[in-house]
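Engineer: Using my numbering, you'd call the opening residue of the sequence shown number 1 and step up by one each time.
Backbone N, C-alpha and C define an ideal beta-carbon position, used for all residues, glycine too.
Keep in mind it's a predicted model, so treat the numbers as computed, not measured.
Structure provided below as structure tokens; questions to follow.
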Amino acid sequence: MQAGFWLATDHPAVTPGPISQNCAGCGAAGQLLANFCSRCGQDLRGAAGGLPAHTQLQESWSQPEDDPIECLLGNHALLAALRQTGQVDLWNPYQSARLQRLPIPANVEAAALIDNLLVTIRQDQVEALHLTPALRQDSCRFDRNVRFQTPGPIASPLASNARSLAWIAGSELLCQQVSPAGLKPAWRQPWKGSCQSLAWNEQGLWALQKSHLTLHSESSGEPLLRLELPGAALALSLQGTDIWVCGDQGELWLYHSGVLQRNWPGRGETCFSFATSPHHVIQCSGRRLRVLHQRSGRQHLLEIPQPCVLPPVLGPQWAVLVSYEGMVYQLALDQEQPRVSQARRPFSSFEPIMIRPVVAGPRLFLAGPEGQLAGWLL
């Protein structure tokens, strides 16, 4: 099945909207022969019958409006929605059914979902919650949950793989080993300065700071490599052994086969986020999106009606971006020229969306500004 938001095997033909209509999203009148509203970007084709009624964009769930979601996590079997009031909703992403609601610390600063282990961090307090006993209604097995204190408050994103969880705590780089019994200390190394990104691959743990990139041993944390960067770094993304680094002004560097290359000089405009797949790199500079095809080296510029600052989610030949105002854009990347194939507003609220969508099981999920959830089939 082709990746996208459709339930049907193939994407249906796209038909334009009527000659003139009002936008259902913002009320703008006189949208002449338009597929998308010129003011807010709302998809106008649904009103004209261009989109089938069974599109998964209509599959959504409403949650209490006074209980916002502060973090959304997903893996192959679970979706976890962490709420500000100190609860986590566990969903089955295959059946779109809520399984459990469990208590967790309120106002967590970082979280990770590793198989059925949920790790939350607030300041220097870490809690690891085993979800299997709760999902199986087996209360006698909750004694495997772990709580501990770190040397200092969290000062970086979390980086996890199947075996390890790492982050900066105060002035130390910490690594916890993930096991069936929960978390246990693996190693710690001294750390100076800030940390933009942390990420694992088969080579070890990569740590990005503003001016350099370091590689640490997974077994001991010892530094193995240090690379000075030509400019100020924004974020890091790994594709196997290819290490992509995005600069503040849209520069793009690739560390490959022991060589740091400068692939893209940037355009002198602020870059807010970026993401990579095995085939593409997408950078978000507000309303301007830059798409790089890795194999051919071709670069394309797209402009969308509303600015996007969150990192996009990339599939094999598609990408999904969420604007600050709540529009969801799907890009088709299967042709030479990338294009917007869909644009929809899943929530009625115009409050900003600050949580990146996540993939869980066969679906993509987005948290609304008032505690709602929306899900689409990929």
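(1) Do E202 and R188 have their CB atoms nearer than 7 angstroms?
(2) How about S285 and E303: do their beta carbons lie closer than 7 angstroms?
(3) Return the CA-CA distance between L73 and G258, expressed in angstroms with no decimal places.
(4) With 16 as the cutoff for other CB atoms within 10 Å, does L276 come out buried or exposed?
(5) Following the continuous beta strand (DSSP E) through P307, name the residue where it begins and the one where it ends.
(6) By alpha-carbon positions, which one of C195, E351, V320, E336 ends up nearest to A343?
(7) Would you call the CB atoms of L254 and W244 closer than 7 angstroms?
(8) Can you tell me whether DSSP reads L78 as helix, strand or coil?
(9) Using the Cα positions of P369 and R345, report the straight-line distance between them to the nearest angstrom.
(10) Can you tell me the Cα-Cα spacing of S217 and G182, whole angstroms?
(11) Once the 5 residues before and after P311 are set aside, which same chain residues still bring their CB inside 7 angstroms of it?
(12) Using the three-state DSSP reduction, which class does A134 fall into: helix, strand or coil?
(13) What first and last residue would you give for the beta strand (DSSP E) that runs through E228?
(14) Could you tell me the alpha carbon to alpha carbon distance between R287 and N116, rounded to whole angstroms?
(15) What number of angstroms, rounded off, separates the C-alpha of G231 from the C-alpha of V88?
(16) Quick one: what does DSSP say E202 is sitting in, helix, strand or coil?
(17) Between P93 and the rest of its own chain, which residues show a CB-CB distance below 8 angstroms, the 5 nearest in sequence each way excluded?
(18) Which of helix, strand or coil does DSSP assign to S194?
(19) Can you check whether the CB of F347 is closer than 7 angstroms to the CB of P372?
(20) At the level of alpha carbons, what is the spacing between A166 and P180?
(21) Give the single residue among I69, E325, R267 whose Cα lies nearest to the Cα of Q299.
(22) Quick check on the DSSP output: the beta strand (DSSP E) that includes C271 runs from which residue to which?
(23) According to DSSP, D242 sits in a beta bridge with which residue or residues?
(24) Taking Cβ to Cβ, would you say L234 is nearer than 7 angstroms to C175?
(25) How would you call L225, buried or exposed, if buried means at least 16 neighbouring beta carbons within 10 angstroms?
(26) With H, G and I counted as helix, E and B as strand and the rest as coil, what does DSSP make of D248?
(27) Within this structure, are the beta carbons of E70 and P105 separated by less than 7 angstroms?
(28) With burial defined as no fewer than 16 other Cβ atoms inside 10 Å of the residue's Cβ, what is the status of S160: buried or exposed?
(29) Would you please state the rounded distance, in angstroms, between the beta carbons of L252 and V291? I believe it to be under 8 angstroms.
(30) Mind checking who Q176 pairs with in its DSSP beta bridge?
(31) At which residues does the beta strand (DSSP E) containing D89 begin and terminate?
(32) Do P103 and D124 count as a contact pair if the criterion is CB distance below 7 angstroms?
(33) Which stretch, first to last residue, makes up the beta strand (DSSP E) that contains H212?
(34) Leaving out five residues on either side along the sequence, give the residues of the same chain with a beta carbon under 7 angstroms from the beta carbon of G204.
(35) Which of helix, strand or coil does DSSP assign to R287?
(36) Name the DSSP bridge partner or partners of A319?
Structural biologist: Result, derived from the coordinates:
(1) The count along the sequence shown starts at 1 and reaches residue 202 at position 202. The count along the sequence shown starts at 1 and reaches residue 188 at position 188. No, the Cβ-Cβ distance between E202 and R188 is not below 7 angstroms.
(2) On the sequence shown, residue 285 is found 285 positions in, with the first residue counted as 1. On the sequence shown, residue 303 is found 303 positions in, with the first residue counted as 1. Taking 7 angstroms as the Cβ cut-off, S285 and E303 do not qualify as a contacting pair.
(3) Counted from its first residue, the sequence shown places residue 73 at position 73. Counted from its first residue, the sequence shown places residue 258 at position 258. CA-to-CA, the gap between L73 and G258 works out to about 33 angstroms.
(4) As a position in the sequence shown, residue 276 is number 276, starting the count at 1. Residue identity check: residue 276 is Thr in the sequence provided, not Leu. It counts as buried.
(5) Numbered from its first residue, the sequence shown carries residue 307 at position 307. Taken as a continuous stretch (DSSP letters only), the beta strand (DSSP E) holding P307 covers 299–308.
(6) To locate residue 343, count along the sequence shown from 1; it is residue 343. Comparing Cα positions, the closest option is V320.
(7) For the purposes of this step, residue 254 is taken as residue 254 along the sequence shown, with counting starting at 1. For the purposes of this step, residue 244 is taken as residue 244 along the sequence shown, with counting starting at 1. Yes, Cβ-Cβ distance for L254 and W244 is below 7 angstroms.
(8) Numbered from 1 along the sequence shown, position 78 holds the residue referred to as residue 78. L78: coil per DSSP, three-state reduction.
(9) Locating residue 369 in the sequence shown gives position 369, counting from the first residue. Locating residue 345 in the sequence shown gives position 345, counting from the first residue. Distance from the CA of P369 to the CA of R345, rounded to the nearest whole angstrom, comes to 12 angstroms.
(10) In the sequence shown, counting from the first residue as 1, residue 217 sits at position 217. In the sequence shown, counting from the first residue as 1, residue 182 sits at position 182. The straight-line gap from Cα to Cα measures roughly 22 angstroms.
(11) One-based indexing of the sequence shown puts residue 311 at position 311. Answer for P311: S273, F274, A275, R356, listed in chain order.
(12) Taking the sequence shown and counting its residues from 1, one reaches residue 134 at position 134. Of the three classes helix, strand and coil, the one that applies to A134 here is helix, per DSSP.
(13) As a first step, residue 228 is located in the sequence shown; it is residue number 228 there, counting from the start. E228 -> beta strand (DSSP E) spans 223–228.
(14) Taking the first residue of the sequence shown as position 1, residue 287 is located at position 287. Taking the first residue of the sequence shown as position 1, residue 116 is located at position 116. Between the alpha carbons of R287 and N116 lies a gap of roughly 38 angstroms.
(15) The sequence position of residue 231 within the sequence shown is 231, counting from 1. The sequence position of residue 88 within the sequence shown is 88, counting from 1. Roughly 40 angstroms separates the two Cα atoms.
(16) Numbered from its first residue, the sequence shown carries residue 202 at position 202. Coil, per DSSP.
(17) As a position in the sequence shown, residue 93 is number 93, starting the count at 1. Closer than 8 angstroms at Cβ, skipping near neighbours: G74, A77, L78, L79, A360, G361, P362, R363, F365, G375.
(18) The count along the sequence shown starts at 1 and reaches residue 194 at position 194. DSSP places S194 in coil when its eight states are reduced to three.
(19) For the purposes of this step, residue 372 is identified with residue 372 of the sequence shown, where counting begins at 1. For the purposes of this step, residue 347 is identified with residue 347 of the sequence shown, where counting begins at 1. Per the sequence shown, residue 372 should be read as Gln rather than Pro. In contact: Q372 and F347 (Cβ atoms closer than 7 angstroms).
(20) Here residue 166 refers to the residue found at position 166 of the sequence shown. Here residue 180 refers to the residue found at position 180 of the sequence shown. In this structure, the CA atom of A166 is about 17 angstroms from the CA atom of P180.
(21) Numbered from its first residue, the sequence shown carries residue 299 at position 299. It is R267.
(22) Here residue 271 corresponds to residue number 271 of the sequence shown, with the count starting at 1. Taken as a continuous stretch (DSSP letters only), C271 belongs to no beta strand (DSSP E), as it is neither H nor E.
(23) The count along the sequence shown starts at 1 and reaches residue 242 at position 242. Answer is Q239.
(24) Taking the sequence shown and counting its residues from 1, one reaches residue 234 at position 234. Taking the sequence shown and counting its residues from 1, one reaches residue 175 at position 175. Not in contact: L234 and C175 (Cβ atoms no closer than 7 angstroms).
(25) The sequence position of residue 225 within the sequence shown is 225, counting from 1. Burial call: exposed.
(26) What you label residue 248 is simply residue 248 of the sequence shown in a count that begins at 1. Coil, per DSSP.
(27) Here residue 70 refers to the residue found at position 70 of the sequence shown. Here residue 105 refers to the residue found at position 105 of the sequence shown. Result no, Cβ atoms of E70 and P105 do not sit closer than 7 angstroms.
(28) If you number the sequence shown from 1, residue 160 lands on position 160. By the neighbour-count definition (other C-beta atoms within 10 Å, threshold 16), S160 is a buried residue.
(29) Start at 1 with the first residue of the sequence shown, and residue 252 comes out as number 252. Start at 1 with the first residue of the sequence shown, and residue 291 comes out as number 291. Actually they are not in contact, since the Cβ atoms of L252 and V291 sit about 12 angstroms apart, beyond 8 angstroms.
(30) Residue mapping note: residue 176 aligns to position 176 of the sequence shown, counting from 1. Paired residue(s): L165, P185.
(31) Here residue 89 is taken as the residue at index 89 of the sequence shown, counted from 1. Unbroken beta strand (DSSP E) run through D89: 87–92.
(32) The count along the sequence shown starts at 1 and reaches residue 124 at position 124. The count along the sequence shown starts at 1 and reaches residue 103 at position 103. In terms of Cβ geometry, D124 and P103 do not form a close pair [threshold 7 angstroms].
(33) Mapped onto the sequence shown, residue 212 falls at position 212. DSSP places H212 in the uninterrupted beta strand (DSSP E) bounded by 212–216.
(34) Counted from its first residue, the sequence shown places residue 204 at position 204. Spatial neighbours of G204 in its own chain (CB-CB distance under 7 angstroms, excluding positions within 5 residues in sequence) are listed in chain order as L215, H216, S217, E218, L224.
(35) Numbered from 1 along the sequence shown, position 287 holds the residue referred to as residue 287. Strand, per DSSP.
(36) As a working mapping, residue 319 is identified with position 319 in the sequence shown. The secondary-structure analysis by DSSP pairs A319 across a beta bridge with L314, L331.
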